[in-house]
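Novice:
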Amino acid sequence: MAPNTAAFFTGVQAPLEVRPADSPKPGPTEVVVNAKAVAINPVDYAMQLMGPNVFKWLNPPCVFGEDVAGEVCEVGSAVTKVKVGDRVAGLTNTAFQHEVVVKDHLLIPIPASLPYSNAAVIPLGLSVAVKGLFHKDFLNLKFPSLNAKPTGETILIWGASTSVGSNAVQLAAAAGYEVITTASPANFELAKQLGASQVFDYNSPTIKEDLIAAFKGKKTPGAFCNGGPAPPTHPPVIAACKAVLQVTEGRKFLALTMATPPGEMPEGFSSKFVSQLEGDEELASAIFGEYLPQALAAGKYMPTPKAQVVGHGLESIQGAMDTLKKGVSATKFVVTL
Ligand SMILES: NC(=O)c1ccc[n+]([C@@H]2O[C@H](COP(=O)([O-])OP(=O)(O)OC[C@H]3O[C@@H](n4cnc5c(N)ncnc54)[C@H](OP(=O)(O)O)[C@@H]3O)[C@@H](O)[C@H]2O)c1
Numbered sequence: 018m019a020p021n022t023a024a025f026f027t028g029v030q031a032p033l034e035v036r037p038a039d040s041p042k043p044g045p046t047e048v049v050v051n052a053k054a055v056a057i058n059p060v061d062y063a064m065q066l067m068g069p070n071v072f073k074w075l076n077p078p079c080v081f082g083e084d085v086a087g088e089v090c091e092v093g094s095a096v097t098k099v100k101v102g103d104r105v106a107g108l109t110n111t112a113f114q115h116e117v118v119v120k121d122h123l124l125i126p127i128p129a130s131l132p133y134s135n136a137a138v139i140p141l142g143l144s145v146a147v148k149g150l151f152h153k154d155f156l157n158l159k160f161p162s163l164n165a166k167p168t169g170e171t172i173l174i175w176g177a178s179t180s181v182g183s184n185a186v187q188l189a190a191a192a193g194y195e196v197i198t199t200a201s202p203a204n205f206e207l208a209k210q211l212g213a214s215q216v217f218d219y220n221s222p223t224i225k226e227d228l229i230a231a232f233k234g235k236k237t238p239g240a241f242c243n244g245g246p247a248p249p250t251h252p253p254v255i256a257a258c259k260a261v262l263q264v265t266e267g268r269k270f271l272a273l274t275m276a277t278p279p280g281e282m283p284e285g286f287s288s289k290f291v292s293q294l295e296g297d298e299e300l301a302s303a304i305f306g307e308y309l310p311q312a313l314a315a316g317k318y319m320p321t322p323k324a325q326v327v328g329h330g331l332e333s334i335q336g337a338m339d340t341l342k343k344g345v346s347a348t349k350f351v352v353t354l
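Per our numbering, the sequence shown starts with residue 18, numbered consecutively.
1. So if DSSP puts residue 107 in a beta bridge, which residue, or which two residues, is it bridged to?
2. Measuring from the CB of residue 293, is there a heavy atom of ligand 1 at a distance below 6 Å?
3. Name the residue from 285, 242, 24, 23 whose alpha carbon lies nearest to the alpha carbon of residue 291.
4. My understanding is that residue 261 touches residue 240, with C-beta atoms under 8 Å, so please give their C-beta distance in whole angstroms.
5. Residues in its own chain within less than 8 Å of residue 39 by CB, not counting five upstream and five downstream?
6. Excluding the 5 residues preceding and the 5 following residue 336 in the sequence, name in chain order all residues of the same chain whose CB lies nearer than 7 Å to its CB.
7. Is the beta carbon of residue 243 within less than 6 Å of some heavy atom of ligand 1?
8. Measuring alpha carbon to alpha carbon, tell me which of 208, 92, 344 ends up nearest residue 175.
9. With three or more beta-carbon pairs closer than 8 Å as the criterion, would you say the segment 186–199 touches the segment 158–177?
10. What is the DSSP secondary structure of residue 349, counted as helix, strand or coil?
11. Measuring straight from C-alpha to C-alpha, what distance separates residue 151 and residue 293?
12. Could you check whether residue 342 and residue 133 sit closer than 7 Å to each other, using their CB atoms as the reference points?
13. Would you grab the beta carbon distance between residue 303 and residue 156 for me? Rounded to a whole angstrom, and I think it's under 8 Å.
14. Using only the alpha-carbon positions, how far apart do residue 237 and residue 185 sit?
15. Which one or two residues does DSSP pair with residue 197 in a beta bridge?
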């Protein structure tokens, strides 16, 4: 393999610099992935714009990037899940380089039929969805399986066409929950394909009333409150999720993917900000390591949102981040390496 190269973040608002980098060594429970594709997320341009004052762990010059897909090229001494040569996608925080370290519980073994560019869209969106839906401190739902029985409960998952929401809809449906969701009309069909029973236009002036009517008589485990990337649009999303829980039987809990304070909560309500999966090894292994590889191989999980390859080589990442600031619909930008 050629010597490692990385796209370095050197300081607030400075363009990424592509240059040689040390080859990383895996710890006992880590692997090194020879990256074939990386995906670009809104948090990447946010880190570049705001730097260490907001994202405290950044210490430039350093490398960021969350989503990688590629071939395992080195494994730590305690790794049993994968071997050298295996095809994987993974969640990390240093993806924008050729040799990427990933913890073994955050690896997704992928089938030969799934192109790396499609697999790269999965890890970050999946991780937030998994934490919010299944972690015991959040919605604590039953786990997904290839033949889940209906639970009899209905969950509101806001934002079916977002990266996070599109994974959440699929996972909750595969766990046996009825899913009611929101999206723009152009993405209604997609939301249904992901497993939603009903989908409503979040831009409609009657969205709150529409959802309240749809949830009439339903029992719910809470709401997955997940708006788009623009913070000013978040308060009405939170208000509508609260309004739905107020008229339904069940748990009054909001899993908030957005870093927007939930505002005043009605009595008996609670909420919690959903961070990424990190140290949650048991939960991550159950979904990343067990459920998802089976579901992908069986054609029962759609890598979402759809990948749009916008360039090749680390030099393309800066342009991809700049273009992503303009927004996307049900799409994730991918750079192949
Ligand atoms: N907690 C974490 O660690 C973490 C990590 C990643 C993301 N997030 C958060 O999760 C949310 C989703 O992020 P993402 O990366 O998944 O987004 P994304 O895929 O970049 O979002 C693009 C989508 O947002 C949708 N959208 C825009 N405004 C919306 C609204 N008011 N309601 C519903 N959908 C809306 C658009 O839908 P249409 O095209 O259908 O209009 C578009 O498809 C954001 O708030 C983000 O900050 C949190």
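Ideal placement from N, C-alpha and C gives every residue a C-beta, glycine not left out. Small disclaimer: the values here were computed from a predicted structure and weren't measured.
Specialist: On the basis of the coordinates in this document:
1. Position 90 of the sequence shown, counting from 1, holds the residue named residue 107. 85, 124, per the DSSP bridge assignment.
2. Indexing the sequence shown from 1 puts residue 293 at position 276. Indeed, a heavy atom of ligand 1 lies less than 6 Å from the Cβ.
3. Here residue 291 refers to the residue found at position 274 when the sequence shown is read from its first residue. Looking at the Cα atoms, 242 is the closest of the given residues.
4. Taking the sequence shown and counting its residues from 1, the one referred to as residue 261 is at position 244. Taking the sequence shown and counting its residues from 1, the one referred to as residue 240 is at position 223. That pair is a contact at about 6 Å.
5. Within the sequence shown, numbered from 1, the residue matching residue 39 stands at position 22. Result list for residue 39: 21, in chain order.
6. Here the question's residue 336 lines up with position 319 in the sequence shown. Same-chain partners within the cutoff: 328.
7. By 1-based counting over the sequence shown, the position of residue 243 is 226. Inclusion of residue 243 in the 6 Å shell around ligand 1 follows from its C-beta lying nearer than that to a non-hydrogen atom of the ligand.
8. Taking the sequence shown and counting its residues from 1, the one referred to as residue 175 is at position 158. Of the candidates 208, 92, 344, the one whose C-alpha sits nearest the C-alpha of residue 175 is 208.
9. yes
10. Sequence index remark: in the sequence shown, residue 349 carries index 332 (1-based). Three-state DSSP puts residue 349 in a strand.
11. Residue numbering aside, residue 151 sits at position 134 when the sequence shown is read from its first letter. Residue numbering aside, residue 293 sits at position 276 when the sequence shown is read from its first letter. So the alpha carbons of these two residues sit roughly 12 Å apart.
12. Reading the sequence shown from its first residue, position 116 is the one you call residue 133. Reading the sequence shown from its first residue, position 325 is the one you call residue 342. Result no, Cβ atoms of residue 133 and residue 342 do not sit closer than 7 Å.
13. Taking the first residue of the sequence shown as 1, we reach residue 303 at position 286. Taking the first residue of the sequence shown as 1, we reach residue 156 at position 139. That belief does not hold up - the Cβ atoms of residue 303 and residue 156 are roughly 15 Å apart, past 8 Å.
14. In the sequence shown, residue 237 corresponds to position 220, counting from 1. In the sequence shown, residue 185 corresponds to position 168, counting from 1. The alpha-carbon atoms of residue 237 and residue 185 are separated by roughly 15 Å.
15. Here the question's residue 197 lines up with position 180 in the sequence shown. Bridge partners of residue 197: 173, 215.
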